[in-house]
Amino acid sequence: MSAKKYFALIAIVTAIFIAFLYFSPHIFGSYTITVLGNIYIFIILAISYNLINGVTGQFSLEPNGFVAIGAYVTAILLLSPELKEELYMLSPPLPLIRDVFLNPNNPINPFLALLISGAFSALLALILAFPVFRVRGDYLAIVTLGFGFIIRIFLINNPEISNGSMGLDSIPGFASYFWIGVICLVAVILIYNIVYSKFGRAMKAVRDDEDAALAMGVNTFKTKTLAFMTSAFFEGVGGGLLASSIGSISPDQFTFMLTFQLLIIIVLGGLGSMSGAIIGTFLFLGSMELLRPLDNSAWHLGPIHGIPGLRMVVFSILLLLIMLFARRGLLGDKEIWDYIKIKRNKY
Amino acid sequence: MDMGFVLQQIINGFSLGSMYALIAIGYTLVYGVLRLINFAHGDIMMVGAFSAFIALGVLTGWKFDHISMAVFFTAVTISIIVTSIVGILTYVSAYKPLLDKGAPKISLLITAIGISFFLESLFNVIANQYLGGTYQAFYFPKWFSTIIHIGSLTIPVLTIIVPILTLILLLGVLYILYRTKVGIAIRALAFDIYTVKLMGANSNFIIGFVFALGSALAAIGGVAYAMAYPSIDPYMGMLVGLKAFAAAVVGGIGSVTGAVIGGFILGFAEIAIPGFFPELGGWKDAFAFILLIFVLLFKPTGIMGIDFERQRF
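Same order as they appear, the protein sequences are chains D and Y.
If you read the first sequence in our numbering, its first letter stands for residue 4, the second for the next number, and so on.
If you read the second sequence in our numbering, its first letter stands for residue 159, the second for the next number, and so on.
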């Protein structure tokens, strides 16, 4: 595809999507709009998680940690010092935490806060990457899983920074449905361009054969670290959006459950496929809503009764079945247009 | 510093460390044979604790006020058998089909996470539906909490028994690995799985045995853990399992002795650091990962320095 055609395509997709964002609140009810907004945030998280897990092939369980960091950084940046004095009940906030403030009334500031959240996550990812990628990626999963726990312990044990287990609320709701959609679109375009760039090819080379990639002159350590940092950046941004759209955050929102949901999404869509991750998000969150009755003990279908927690049993079995019988997910590591169009050489 | 206090901390550290050690052995055995971080292993330990709890409940008719030793050991034996079967099932139903298809490692790891989450949510449903709540108090014979006074030390019997039991089990595992035919097969399999298959060894039986052995030890660890914090919940295995894995890496993953040493080090750190610096108490759960990161930075092969190119276990 020539550069001109490519930009034309992106412009068309952008125009259609923004038109959809603009008109959909008039078409759908508020419940659908809430679910859709949630889906957009999860798309950001899923495609960035896919970047490290699917495209680079390094099994990582980091999202909940970085999403928590993004959410807290955004919240702390956007809450005014007076409000923080009021909110921090367990212990007064540190002077630094109290005084950092980007006034959300200035329309630029929320976006600045999101960028800072992402940068903060990316910095932590860099620190984590050093011990982990020095040895082969095996330990990444354990270290990132432990990282999620450490973040949680940190948030609970430092009430002067995060208000402990009480969490924060009254976070300015700048993340309206429209802006979540726009940021999601920007994230999709950016990550798509990363995946199909020289850097993206290096990531896939690391996934397919690390030794061969190394022999061909790919700096595998740098590639893995940068992929991990990019992933963390967008997860931080997604966390900030989540904080703003929900309005209140607490350490218990960012448990391993979040990571597990994202894992199901990218496995369902096909590891390494961006369009797969997007379709996976729609399917997963849609079926989460549809299967909600399973968690409700009043619901029953013949002999089957709803039991609180049954939904997650169903989803974990679903993940196991996908891994056993359809390991490649819906789209494998290809994009959906690879199936629609006549195959041609992408590289 | 009071000498009695220090001794008390050391004994408590030993006791906590042996629980990590019992679980870490399972990680190290499976990693040695399949090069797979078996994420579900922590939850296998939870299954051990829950099946012991359920067996005790059924045997005593859910009246826990007086539990005899005979009933308790029957329940623990049932738990060990059930947990071993669950361990073998995870291999046969999930890992083996993937290994047979030659699936990439990432598929195995995702499957491991899937099993882990499946066991957690399954037992969450069981606990909520049939046991009446996520958190359950764990009951055991009163004798285990009898306090022994040695000088100024006050130690419950359980705290002494668990480390001794762990050392005996370690010797047992080492005996199996180095003095029995199965053990030779396990070590050979860890060295080169394809050649061992060519030599006519039943690799599935051997790997199944490894899973059963690791799960049985995890069941004992789970029961010990449940007795020390007399409560169980479906998510108890996750953090403990992760810590035990960190202990296995610190000791040198692939080494059984290393796993036990790593477990003891972690147990000491978790007891001693908050003991001497109470302000760090809230950070207890983070020590394992900080330790893990330092080991990965400075000595990735761990204390026992297992180099997979040359030696096993």
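Note that the Cβ used here is the ideal one computed from N, Cα and C, for glycine as well.
Check: Are the beta-carbon atoms of residue 430 of chain Y and residue 166 of chain Y separated by less than 7 angstroms?; Outcome: no
Check: Check whether the Cβ atoms of residue 302 of chain Y and residue 315 of chain Y sit closer than 7 angstroms, and answer yes or no.; Outcome: yes
Check: CB residue 289 of chain D to CB residue 271 of chain D, shorter than 7 angstroms?; Outcome: no
Check: Residue 61 of chain D by DSSP, collapsed to three states: which one?; Outcome: coil
Check: Nearest CA to the CA of residue 124 of chain D: which residue from D:267, D:70, D:136 and D:196?; Outcome: D:70
Check: Name the two residues that bound the continuous alpha helix (DSSP H) containing residue 314 of chain Y.; Outcome: Residue 314 of chain Y -> not in any alpha helix (DSSP H); beta strand (DSSP E) instead, spanning 311 to 314.
Check: Which residues share a DSSP beta bridge with residue 308 of chain D?; Outcome: D:303
Check: Along the chain, where does the beta strand (DSSP E) that runs through residue 224 of chain Y open and close?; Outcome: Careful: residue 224 of chain Y lies outside any beta strand (DSSP E) and carries neither H nor E.
Check: Please name the residue in Y:257, Y:243, Y:208 and Y:247 whose C-alpha comes closest to that of residue 233 of chain Y.; Outcome: Y:208
Check: Which residues bound the alpha helix (DSSP H) around residue 195 of chain Y?; Outcome: Unbroken run through residue 195 of chain Y: none, as it is neither H nor E.
Check: Determine which residues of the region 407 to 439 of chain Y have a Cβ less than 8 angstroms from any Cβ of chain D, and write them out in chain order.; Outcome: 407
Check: Going by the DSSP bridge assignment, what does residue 171 of chain D pair with across the sheet?; Outcome: D:252
Check: Smallest Cα separation from residue 385 of chain Y: which of Y:339, Y:353, Y:417 and Y:204?; Outcome: Y:204
Check: Consult DSSP for residue 104 of chain Y and reduce its assignment to one of helix, strand or coil.; Outcome: Since the displayed chain Y opens at 159 and closes at 471, residue 104 of chain Y lies outside it and no answer follows.
Check: Would you say residue 201 of chain Y lies against chain D (beta-carbon separation less than 7 angstroms)?; Outcome: no
Check: Between which residues of its own chain and residue 369 of chain Y is the CB-CB distance below 6 angstroms, once the five residues before and five after are set aside?; Outcome: 245, 246 and 249
Check: Residues of chain D with CB closer than 8 angstroms to the CB of residue 398 of chain Y, please, in chain order.; Outcome: Correct list: empty, because the minimum Cβ distance to chain D is about 11 angstroms.
Check: Can you pull out the residues from the region 316 to 328 of chain D whose beta carbon lies closer than 7 angstroms to at least one beta carbon of chain Y?; Outcome: 316, 319, 320, 322, 323, 326 and 327
Check: Decide yes or no for the touch test of the region 225 to 243 of chain D against the region 128 to 142 of chain D: beta carbon pairs closer than 8 angstroms, at least 3 of them.; Outcome: yes
Check: Does any residue of chain C have a CB that is nearer than 7 angstroms to the CB of residue 388 of chain Y?; Outcome: No chain C appears in this structure, whose protein chains are D and Y.
Check: For residue 326 of chain D, is the classification buried or exposed, using 16 other Cβ atoms within 10 angstroms of its Cβ as the cut-off for buried?; Outcome: buried
Check: Taking only three categories from DSSP, how would you classify residue 290 of chain D?; Outcome: helix
Check: Hey, is the region 169 to 183 of chain D in contact with the region 247 to 264 of chain D, meaning 3+ C-beta pairs nearer than 8 angstroms?; Outcome: yes
Check: For residue 283 of chain Y, return the contacting residues in chain D, with the cut-off set at a CB-CB distance below 9 angstroms.; Outcome: 310, 311, 312, 313, 315 and 316
Check: Nearest to residue 106 of chain D by alpha carbon, out of D:46, D:56 and D:177?; Outcome: D:177
Check: Do the CB positions of residue 114 of chain D and residue 83 of chain D come within less than 7 angstroms of each other?; Outcome: no
Check: Could you check the C-alpha separation between residue 219 of chain Y and residue 142 of chain D for me, to the nearest Å?; Outcome: 45 angstroms
Check: Let me confirm a value: residue 200 of chain D is counted as buried when at least 16 other C-beta atoms fall within 10 Å, else exposed. Which label applies?; Outcome: exposed
Check: Under DSSP, the beta strand (DSSP E) around residue 306 of chain Y begins and ends at which residues?; Outcome: 305 to 308
Check: Taking just the CA atoms, how far does residue 339 of chain D sit from residue 54 of chain D?; Outcome: 17 angstroms
Check: Just the Cα atoms here: how many angstroms apart are residue 147 of chain D and residue 256 of chain D?; Outcome: 17 angstroms
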